[in-house]
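Quick mapping for you: the protein sequence lines, in order, are chains A and B.
Numbering follows the working numbering, with no gaps: position 23 of the first sequence is 23.
Numbering follows the working numbering, with no gaps: position 93 of the second sequence is 587.
Note that the Cβ used here is the ideal one computed from N, Cα and C, for glycine as well.
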Amino acid sequence: MIATLRAIGFDNRLGLRLVIASLIVGSVLSVLSTSAQLGASYFRQRTDATLVLSRIEDTLASPLEQAVWTFNFDQVDVILDGLAADPNIAFVELQSSTGQSWTRGDPDEQAATPDDQRVYELVHKLDNNRSELVGVLDVRLSLDAVRARVWAEFWTTFLTNLAKAYIAAIALLFLVGHMVSRHLRKIADHVDNTNADNTNALRLDRAGSEKTDDLDRIVDAIDRFECRTREQMDALGNEIIDRKQAEAEARQALSIRSQFLATMSHEIRTPLNAIMGFLHLIATYKDIDDKPRVYAETATKASHQLMSLMNNSLDMSRIEADAVEIKMTPTDIHSLAKDWHQSAEGMRHMRDKNIKITLDVARDLPPLINMDASHVTQIVSNLVDNAIKFTDAGEVDIAIKNATSDGNPAIDIRVSDTGNGIPEDARARIFERFTQADSGMLRAHGGSGLGLAICSELARLMGATLTLDDRIRDGFTTVFLLRLENVALVDLPT
Amino acid sequence: MFVALWVTLCGVTATAQTAPLLAAADEWPPFSGVDLPGQGMSLDVIHTVLTEAGYDVTTRVVPWARLMGDADIGQFDIIGSLFADPELEEYLIYSDPFFLTEVRLVQPVGETYAFTTVADLRPFSIAVGDGFLYEDEFDRATYLEKHVVTTTLQAIQMVAAGRVDLTLDSVDVVRHTITHDDPNLKDRVTFADGVLARQDIHMAIRRDVEGSQEIVDAFNATLAKMRRDGRLETLLMRHVQR
Ligand SMILES: Nc1ncnc2c1ncn2[C@@H]1O[C@H](COP(=O)(O)OP(=O)(O)OP(=O)(O)O)[C@@H](O)[C@H]1O
Ligand SMILES: [Mg+2]
């Protein structure tokens with residue numbers, strides 16, 4: 001059933017809408033045309049019906065008069081019966097001058113308001129130019145029969161017209177399905193299935209014609225559109241290839257640079273280490289004068305600065321080349337903190353500062369903390385180096401405490417000092433590269449201004465944050481806070 | 495020869511007694527008519543007389559055209575209600591008459607016309623029945639203004655309504671028509687003086703009916719007997735007023 005309906009196109013919504021529209025128009029037109037047709041038919045039949053009255057005048061009046069004249073009432077009956085047999089004659093009455101009367105039909109019903117009425121005087125002509133009125137014939141016409149017939153005719157004609165409209169509509173549905181819809185569907189399928197791999201040209205299954213119609217224009221437009229799209233896609237593909245090549249080249253350049261830096265730093269560090277070793281030997285040599293010793297010590301300091309600059313540059317370039325590898329491992333923070341303290345003492349000694357280094361590790365810290373110990377150590381070392389560097393008297397403190405960040409456990413590492421502090425206007429910039437709070441101090445302390453930038457980058461890579469702590473602790477002028485977040489605190493196996 | 499005749503006569507008698515004679519007349523009241531007692535005077539007399547004479551008779555009223563047409567081809571044996579007509583004697587044997595009727599003119603009451611000759615009727619319009627035979631000279635008189643009607647009643651009504659001056663018919667027919675069809679006419683028309691014709695009413699039998707002459711003879715004999723003993727008069731008075 002459904003297959004049959006589909007076969008004649010009933011699943012064709014567009015066609016159906018078209019058919020329904022054509023049916024509505026067809027029905028209206030068939031009502032109008034039927035009405036016009038039957039209006040004409042009604043007037044014709046009415047004229048015909050009225051003709052009966054003149055026919056009575058012409059053909060029946062004379063025999064009727066003769067029959068009445070000769071008292072031939074049988075004949076009168078015959079004639080009146082014949083007259084009454086006409087469906088349009090509703091009522092006939094004959095009144096003879098000798099007192100007889102005949103009626104046919106029902107005077108009450110339709111004939112009370114007849115559509116037409118005629119009264120005939122039946123006059124008998126005598127030879128000697130005299131004449132005698134023998135009767136009066138009253139005929140009343142009712143067009144009810146005509147109207148009923150026209151009505152019946154209306155329905156027949158209307159239904160026939162309607163049936164024709166329906167048949168035409170179904171044929172139209174089929175034709176629209178065959179001539180338009182299936183092509184539209186094919187166009188839709190084609191557009192749906194077209195991609196870079198499937199570039200078959202759109203061809204409709206229809207007889208070729210000299211003149212192009214709308215479907216031909218659609219097909220041409222789609223062909224042209226696909227052509228343009230292909231061209232643009234080709235261009236885009238070429239551009240992508242170019243970009244990929246450029247990217248590869250850039251990456252290669254970057255890796256070459258890193259390689260270069262690594263090689264260079266290694267190549268520089270080896271002789272530098274030798275220089276520093278010999279300078280150390282010279283400085284500690286017993287038999288030399290004070291003057292060369294001071295020279296050697298100055299050269300040693302310069303070498304250390306060179307080495308630090310080298311290391312910082314190398315670190316920075318590693319960070320830029322995404323070459324930094326973060327390794328989280330369970331770490332014993334207590335022993336690590338002791339190491340930091342020792343190396344801080346070493347730095348103080350090296351910088352020859354008369355300051356106190358204190359370590360404050362909270363008792364409730366978990367024994368093992370999941371963290372990248374080497375990079376955290378690098379950051380702390382940098383901070384401590386700065387603290388010692390910028391503090392001439394007083395104290396440098398390393399404090400480690402439990403903390404929570406957004407409800408998660410964290411570890412706060414603070415490095416504080418009692419130095420001259422960081423000016424308000426410089427605080428925002430000190431984490432940028434090559435930035436130093438007071439350029440005048442550069443001469444006094446040396447340094448590249450990369451230290452904090454590297455620290456902050458490393459912290460970021462570890463998922464930690466490095467900030468200047470605004471809440472200055474008692475006596476300290478500068479407090480750096482390294483908060484290790486997302487640290488899984490590992491309990492010792494019991 | 496005599497033996498043969500005798501045998502034939504016996505045969506006829508035997509046949510007559512087994513197969514009834516079929517007597518017919520046209521609708522012509524009071525002489526014959528479907529609704530009349532004894533189907534009218536003629537058929538009543540024919541039936542009574544022939545039954546008395548020992549014949550088995552069936553009577554029937556049929557239209558005139560059928561009566562004459564069928565007389566030709568032998569459907570009916572006996573025809574009743576006939577005026578004597580020489581042309582028909584070729585086929586038919588007439589019996590003695592059993593009734594005499596007068597043909598007279600009918601005029602509106604108040605008119606005083608008296609019939610003299612047919613030619614004197616020239617100034618008058620006269621209603622005549624279609625195909626009716628009245629009297630030879632009158633029937634042939636084409637110079638008269640005759641208005642042909644279908645029935646005697648019509649003709650009398652036309653006279654009463656003044657549409658024609660006169661009509662004419664057997665007085666028995668006129669009386670019967672007025673009495674039975676329209677008694678009002680009794681006060682409106684009257685017979686004119688003078689008799690146009692006197693017509694005898696006969697029975698007629700087809701010549702080719704076996705023993706036709708014998709039947710006619712038997713009829714005549716019985717009729718004469720009934721006339722003598724007064725039974726005929728009684729029978730006739732059932733049908734006509736005098
Ligand atoms: N503890 C501190 N007290 C005062 N100023 C500080 C302190 N730490 C850093 N600063 C300021 O921040 C600047 C940037 O420090 P950073 O460590 O990045 O560079 P540097 O120490 O000058 O050089 P480098 O570390 O590369 O040898 C310093 O030059 C200094 O002015
Ligand atoms: Mg520094």
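Contact under 7 Å by Cβ, residue i with residue j
i              : j              : result
I572 (chain B) : L515 (chain B) : yes
D659 (chain B) : F685 (chain B) : no
L173 (chain A) : V25 (chain A)  : no
S455 (chain A) : N386 (chain A) : Here residue 455 (chain A) is Cys; the residue named in the question, Ser, does not match the sequence. Cβ atoms of C455 (chain A) and N386 (chain A): not closer than 7 Å.
T50 (chain A)  : N161 (chain A) : no
T331 (chain A) : I369 (chain A) : yes
L729 (chain B) : F593 (chain B) : no
I422 (chain A) : T391 (chain A) : no
L452 (chain A) : F431 (chain A) : yes
R104 (chain A) : L80 (chain A)  : yes
T377 (chain A) : G394 (chain A) : no
L481 (chain A) : R414 (chain A) : yes
T595 (chain B) : Q693 (chain B) : yes
Q493 (chain B) : N72 (chain A)  : Outside the displayed span of chain B (495 to 736) sits residue 493 (chain B), for which this structure offers no information.
L466 (chain A) : A459 (chain A) : yes
S265 (chain A) : L314 (chain A) : yes
S181 (chain A) : L32 (chain A)  : no
Nearest to residue i (by Cα), restricted to the options the options
i              : options                           : result
A448 (chain B) : B:H674, B:R560, B:P591 and B:M731 : Not covered by the structure: residue 448 (chain B). The range shown for chain B is 495 to 736.
G688 (chain B) : B:D675, B:D520, B:Y607 and B:P531 : B:Y607
L29 (chain A)  : A:V180, A:I472 and A:K164         : A:K164
V396 (chain A) : A:N402, A:R363, A:A403 and A:V384 : A:V384
Y585 (chain B) : B:E596, B:F570 and B:T595         : B:F570
N195 (chain A) : A:T467, A:T477 and A:E226         : A:E226
R251 (chain A) : A:G135, A:A235, A:A321 and A:R351 : A:A321
T284 (chain A) : A:N273, A:A296 and A:I275         : A:A296
V92 (chain A)  : A:T98, A:D77 and A:G99            : A:D77
A518 (chain B) : B:L599, B:P580, B:V556 and B:D663 : B:V556
P114 (chain A) : A:D412, A:A90 and A:R433          : A:A90
R554 (chain B) : B:I650, B:H541 and B:G548         : B:H541
L615 (chain B) : B:A635, B:L561, B:T673 and B:A654 : B:A635
P87 (chain A)  : A:R185, A:L143 and A:D108         : A:L143
D711 (chain B) : B:V643, B:I587, B:E629 and B:L561 : B:I587
7 Å Cβ cutoff, residue i in contact with chain B
i              : result
N72 (chain A)  : yes
T98 (chain A)  : yes
A111 (chain A) : For A111 (chain A), the pLDDT reaches just 48, beneath the cut-off of 50, and the residue's location in the model is therefore unreliable, although a value from the coordinates is still provided. Not an interface residue.
CB contact below 7 Å: residue i versus chain A
i              : result
M697 (chain B) : no
Q651 (chain B) : yes
Q601 (chain B) : no
A655 (chain B) : yes
Q648 (chain B) : yes
F496 (chain B) : Bear in mind that a pLDDT of 38 at F496 (chain B), under 50, signals an unreliable position, so the model cannot answer this.
T507 (chain B) : Confidence at T507 (chain B) is low in this model, with a pLDDT of 44, below 50, so its placement is unreliable and the value that follows should be read with caution. No, because no Cβ of chain A sits closer than 7 Å to the Cβ of T507 (chain B).
beta-carbon residue i near ligand 2 non-hydrogen atom, thresh 6 Å
i              : result
N486 (chain A) : no
A312 (chain A) : At residue 312 (chain A) the sequence reads Asn, which differs from the Ala that was named. N312 (chain A): no, Cβ never under 6 Å from ligand 2.
G346 (chain A) : no
G451 (chain A) : yes
N386 (chain A) : yes
Ligand 1 heavy atom lying under 6 Å from the CB of residue i
i              : result
G419 (chain A) : yes
Q342 (chain A) : no
F476 (chain A) : no
G447 (chain A) : yes
I241 (chain A) : no
I430 (chain A) : yes
Q496 (chain A) : What the structure shows of chain A is the stretch from 1 to 494, and residue 496 (chain A) is not part of that stretch, so it cannot be assessed.
Can you pull out the residues from the segment 43-72 of chain A whose beta carbon lies closer than 8 Å to at least one beta carbon of chain B? Going along the segment 43-72 of chain A in chain order, one finds W69, T70, F71 and N72 with a Cβ nearer than 8 Å to chain B.
Against chain A, which members of the segment 624-644 of chain B pass a CB distance test of less than 9 Å? Of all residues in the segment 624-644 of chain B, E639, H641, V642, V643 and T644 have a Cβ within less than 9 Å of some Cβ in chain A.
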